[in-house]
Every structure is written in structure tokens, then in C-alpha cells.
Amino acid sequence: VFLGMAAACKITALFFGPVLGIVVFWQNKKKALPKLMIASLAFFITWRLFQPYAFTGLFTPNQQFLANLASLKNFSQPDSLYPPSVQWLNTRPIFYSLKNLALWGLGTPLSVIIITSLFFFPSYLKKKKLFSKEAIYFKKGENHRLLPVDEADIDKSLAEGECTERNREPRALPVGIYYCLYFWPLALFFYQACQFVKPMRYLLPIYPLWSIIGAWGIKKIINNNRQAVSKTVWVLIGFTLIWPLSFISIYLRPHSRLQASNWIYDHISPGSTLSCEYWDDCLPLPVEGKSWQSQSYQIETLFLYDPESQEKWQKINHQLDKIDYLILSSNRLWGSIPKNPKRYPETTKFYQDLFQEKLQFNKVAEFSSLPCFPPGLNWFCFNDQRADESFTVYDHPQVIIYQKANHSNQ
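Structure, rendered in C-alpha cells:
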């Protein structure tokens, strides 16, 4: 039922289907088939109810829905001109996703723990040490209560006959769960990392499962080397908190686009002409009753994602002559287009000259909201503007404002 509801929201939730099927099969192989048939029927009914756009009749597929899925697939091809896809041109499979996951998704300390645990997990899985009994030693205390024996006194207590050994059986889990815990996230990672479209958010289902494996690795290290490395492990665990706490800090300050909008209203006179890059958020945003309409700002949209042509630059150059302030409301365009100089040679040169102030515009303001630690004190910050575009452009983009050199705001 929940899988059907999830797939109704996003069709890629179907990736979870095989996991559920394997778990059901491993729990009771004899009764697995009827359970899977009932679960499949419940999934279809739920999906049918919560995704009515997929059908035109009771069971008749909606051709427009199928056509929309095909269009989305075409947008995800390297030869498409879909603007968000530009950032993934010339990216290397696996390495690109692994770098973003390790540096910005999980954070470096947690990534080290998880990668190390992933390396050793199969050996324990093969030896079935995951499911072995754990010996617990007790001795009789006051009122004949059984008290755990301190690890350092076990040999002495056993020799003196003061304690007894009991086996504690861990809670039984189907073996398939452990295999799914290891292999399904790996399969999802390699599948997604080898696609042309590689947004970080597509890897979010991996985070909790790999964190469980990382926790298992930490527990094994502490149990096997309690005195030698336990302090080091706890220090490493402390380091894992630095990145998530740093990321939280961006929500303790105003959004960078909001800061930029306030600056625009305070420093740019009404009636000025502002630029807006196509496919990015135009500034200023409405703030406290003010808007670009109330200030009579003129907005010129620059279609910089368009294929290079003489007509493209004739139009843009004409717009630049009219623009008083050139506004980059994130790194969406300048962070992706210059990575593809063969496809966008003139546009790449445009951004390079703009940043070096070789054009007729000079930088007058910049707003950013970087993850900083500790939150509120900001002793040091992480510049994550090189992360996958979708990681920064929504909740903490870098905004840069340029003023035309011969323009006076008086």
C-alpha cells in the first residue's frame, strides 16, 4: 500500500519493490508466492487510486501520461538541450556521484566510516558472524540477582566458580534483509551513478541504509579493540557531526536571494533595468510589500542556454546595452556552461570576461550562505559552490550583482 502511494508521487519508488519482494520471500518461502500476489494487487489498487492521471478508464492507460514519461526520458539524454542537463555534460560516471556523495552528501568523516564498513561487511556476512551468539557472563549478587560480570574479571570469576556463562541470541532477522541492506544500495548507487542525469537527491534512499552499515562498522571496531581505538572512534564520530551541523547553519540566516532583494530595493533606483538569466529565479523577490513591479524595474531575460549563434549574441548584446544591473541569482548557469566550452564557446568567454570585469560591468554586491561551524558562531565555513547544482541553487545560492560602469544610481 505504501509503495503504491510512493510510486503515485514518484515512479522511481518502484526501485524499492524488489527489496520488499526479497524480504517477503526470505521470511517464509512456502507462503511467499500468495503473499507477493496479494501485495502486488494491493500495490496496483493503491497506485490506481492515487495516480488517476495514468488512466483514462478503469484499466485503460492514459497515452498522454505515457508520452510525458517518454518526454522526461528524452530530456535526460546527453544530446538534449534541456537546461538542467548541461551540468552533467562531460561528467565521469561513478566518480562524479561518488565525489558529491562523499564530500557534500554524507560528509567526509562519515564517508570514511561507511566506505571502510562496506569493504569489511561481506566478509562478516560470508562467515555469518552477523548472526553469531554472544556470550554473556553473570554472577550472583545480593538477593540472588544475576549481575553482569565486568569484562576484566571474567577469567577470575570463572576460575572461582562465581559466575555462569549464558548465550544471548540476537533478535532473529531474515538473512535476506542483510543481503538487501548491502547489495541493494550498491546496485542503486552504481545504476544512478552510470546515468547521464546524476542529481544528488536521487541517492537519498542510500543514506540511511549505508549509515546503518557504518554504525555496524563502528560497533565492530569498538568491540574488537575496546581499549586501543575506542577513543579514536569516538573522536571520528564527533567529526561526523561537523558537516550536518554546519549545513543546519544556512537555515539560521536569511535566504541569500532575500538578502540580495533587500539590497536591490535599498540601492537600485526605481525604473532601472535589471537582467535575469533564463531558467533561474529573477530578482528582486517580493519583500514587505515591495516588488519589481512596484519599483518599476524593467527585467531583461538573457537566454544564455540557447545554442551558440549569431542571432543569439546579437539579441544579448542589444539587451546588455539596455541593462543597468546584471544579476546572477545563483551559479546555475555560470557553474555549468563554462564546463562545456566546446558547446558554449562564446557564452563561456562571456562569463570569464564578466568575472574578470573585462566587460562594461563591475561587481558591486555578493551574497552567499555557506555551511559554517559551529552554527551561529561560524568559526570556519565550507565553500560548497562546486557541488552538484541542485545542492546549492535552491536553499543557499550565491548571488552576484554587477553594475554597468557608466551607470549612476543617483
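Start counting the sequence shown at 14; every next residue gets the next number (my numbering). From the three backbone atoms N, C-alpha and C, an ideal C-beta is built for every residue, glycine too. All values reported here derive from a predicted model rather than from experimental measurement.
In this structure, T245 sits away from I126, with a CB-CB distance that is not shorter than 9 Å. About 6 Å separates the Cβ atoms of A400 and N113, confirming a contact at the 8 Å cut-off.
For F380, the enclosing beta strand (DSSP E) has its first and last residue at F374 to F380. In the DSSP annotation of this structure, the continuous segment of the alpha helix (DSSP H) that includes C22 starts and ends at F15 to C22. Between the beta-carbon of L271 and that of E290 there is about 18 Å, and that puts the pair past the 8 Å contact cut.
Where I414 is concerned, the enclosing beta strand (DSSP E) starts and stops at V412 to K417.
Here the stretch 64 to 74 makes no contact with the stretch 44 to 56; the two share fewer than three CB pairs at distances below 8 Å. C-alpha of K233 to C-alpha of D293: approximately 48 Å in a straight line. Taking 8 Å as the upper bound for CB-CB distance, L258 and P387 are in contact here, some 6 Å apart. Within the model, the alpha-carbon separation for G389 versus I226 is close to 32 Å. Considering only M18, Y278 and L222, the residue with the shortest C-alpha distance to L123 is L222. In the DSSP assignment, no residue is bridged to P387. Assignment of I58 by DSSP, reduced to helix, strand and coil, places it in the helix class. Within 10 angstroms of the beta-carbon of Q411 lie 16 or more other beta-carbons, which makes it buried. At the C-beta level, L116 and Y220 stay beyond 9 Å of one another. Under the DSSP assignment, Q311 falls in the beta strand (DSSP E) whose first and last residues are Q311 to L315. Per DSSP, the continuous alpha helix (DSSP H) segment holding E324 begins and ends at Q323 to K335. As a beta-bridge residue in DSSP terms, S288 pairs with E313. For L111, the three-state secondary structure derived from DSSP is helix. With contacts defined by Cβ atoms closer than 9 Å, A418 and I340 do not form a contacting pair. The continuous alpha helix (DSSP H) containing L33 extends over residues G30 to Q40. At the C-beta level, L346 and L317 come within 9 Å of one another. Between V210 and S110, the beta carbon gap of about 11 Å keeps them out of contact (Cβ cut-off 8 Å). Shortest Cα-Cα distance from G30 to any of G17, A206 and Q306 involves G17.
Nearest C-alpha to P354 among N87, Q100 and A19: Q100.
Only residues of its own chain outside the window of five on either side were considered, and among them F28, L216, P218 and I219 have a CB closer than 8 Å to the CB of L201, listed in chain order.
Annotation: the stretch 207 to 270 contains the following complete segments of the alpha helix (DSSP H) (minimum length 4 residues), in chain order: 219 to 237, 239 to 253 and 255 to 261.
Here the C-alpha atom of C385 lies approximately 6 Å from the C-alpha atom of F393. Listed in chain order, the non-local C-beta contacts of A26 below 6 Å within the same chain comprise A19 and A20, local neighbours out to five positions each way being set aside. Short of 7 Å from the beta carbon of Y364, and not among the five residues preceding or following it, lie these beta carbons of its own chain, in chain order: W347, I350 and P351. For F393, the three-state secondary structure derived from DSSP is strand.
Note on geometry: alpha-carbon atoms of N396 and L249 lie some 22 Å from one another. For Y66, the secondary structure class from DSSP, reduced to helix, strand or coil, is helix. Straight-line measurement puts the Cα of K328 at about 59 Å from the Cα of W229. Annotation: the continuous alpha helix (DSSP H) that includes L85 extends over Q76 to F88. Under the three-state reduction of DSSP, I281 is assigned to coil, being neither helix nor strand.
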